[in-house]
Each structure stands twice: as structure tokens, then as C-alpha cells.
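If you count the sequence shown from 1, position 104 lands on 170 in the numbering used here, and the numbers rise without skipping.
Cβ coordinates follow ideal geometry from the N, Cα and C atoms, glycine included.
These numbers come from a predicted model, not from an experiment.
Remarks on the structure that follows.
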Amino acid sequence: MSPSTTGNCSKIRRIVRVRQMLLRWRRNARLAASDVPAGHVAVCVGPSRRRFIVRANYLNHPIFKTLLAKAEEEYGFCNHGPLAIPCDESLFEELLRVVDRPVPGLYTLEDLRRRCHVDVSSGNSESWPLLRDELIC
């Protein structure tokens, strides 16, 4: 065998090994238990993409529906993995508190903005949500 033929064979062997390893990883990933319990959804929020596990029925809340519409505008439907929500983390935590313990008359982002205690006029960029056309707090 010539040196070039031997080199080609070793490259092919490496490619086959890498392909087998990828197939094993895929198979193991399918068999691995999910860390998201039944009836819940993983959601990534904010610029740091902080991960939250949220009850699936929360997604029916009017405020969540508005955030999901914003997420669709921002990211589209082709999103693999957790839902990405374009929202400030502190606002999302407040939203979870509101949805968990319903407050009468609090059904829109505008209502949540009125309830929120973060001062937007201060210019603190960490308190600004990622929603482009609508300030939340």
C-alpha cells in the first residue's frame, strides 16, 4: 500500500468512529430522563437566557400569551429546546408570582407595569425588558 492510501484509510476510520460516537450520543440523549417534570415547560428568559421551569397551564394566562406573541415576533416558530422569552428576568419572576397567586384585575402587561416597582426613568439597563416597543416596568 502506498502512503496516500494508508492516510485515506485512517481518515475514513476516524470519520466512521466519529459518526458512531454521534449516533451513540443521540441514542443516549433520547433515553436520558428529562429534568422537566410532566405538565411543565422549560423557558429561557433575558439576555443571560436564565432557565425557568414553568407550569404548562401558566401559558394560558393573558400576560403569558402576550409574551409568547412577542417571542414569536422576535424568534419565530423554529425554536429547538426551551422556549425563549424576550423579557427581563426580574419582570419574569414578578410575572410568575402574579400568575401563581392571581391578583384581581391584573391581566395585561400594562397592569403588570403599573404593579411593578422598578423605576424605568432611572435608566438602569438591567431593569429594562427586552421587549422592543413596550416598556414593562
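Residues that DSSP places opposite residue i in a beta bridge
| i | result |
| --- | --- |
| residue 110 | 117, 150 |
Where residue i falls, given that 16 or more other Cβ within 10 Å makes a residue buried
| i | result |
| --- | --- |
| residue 137 | buried |
| residue 191 | Caution applies to residue 191, whose pLDDT of 39 falls short of 50 and renders its modelled position unreliable; the value that the coordinates give is listed next. It is exposed - the Cβ of residue 191 has fewer than 16 other Cβ atoms within 10 Å. |
CA nearest to the CA of residue i, picked from the options
| i | options | result |
| --- | --- | --- |
| residue 151 | 102, 108, 87, 78 | 108 |
| residue 117 | 156, 93, 123 | 156 |
| residue 122 | 80, 75, 105, 87 | 105 |
Whether residue i touches residue j by CB criterion (7 Å)
| i | j | result |
| --- | --- | --- |
| residue 158 | residue 120 | no |
| residue 165 | residue 127 | yes |
| residue 133 | residue 153 | yes |
| residue 129 | residue 149 | no |
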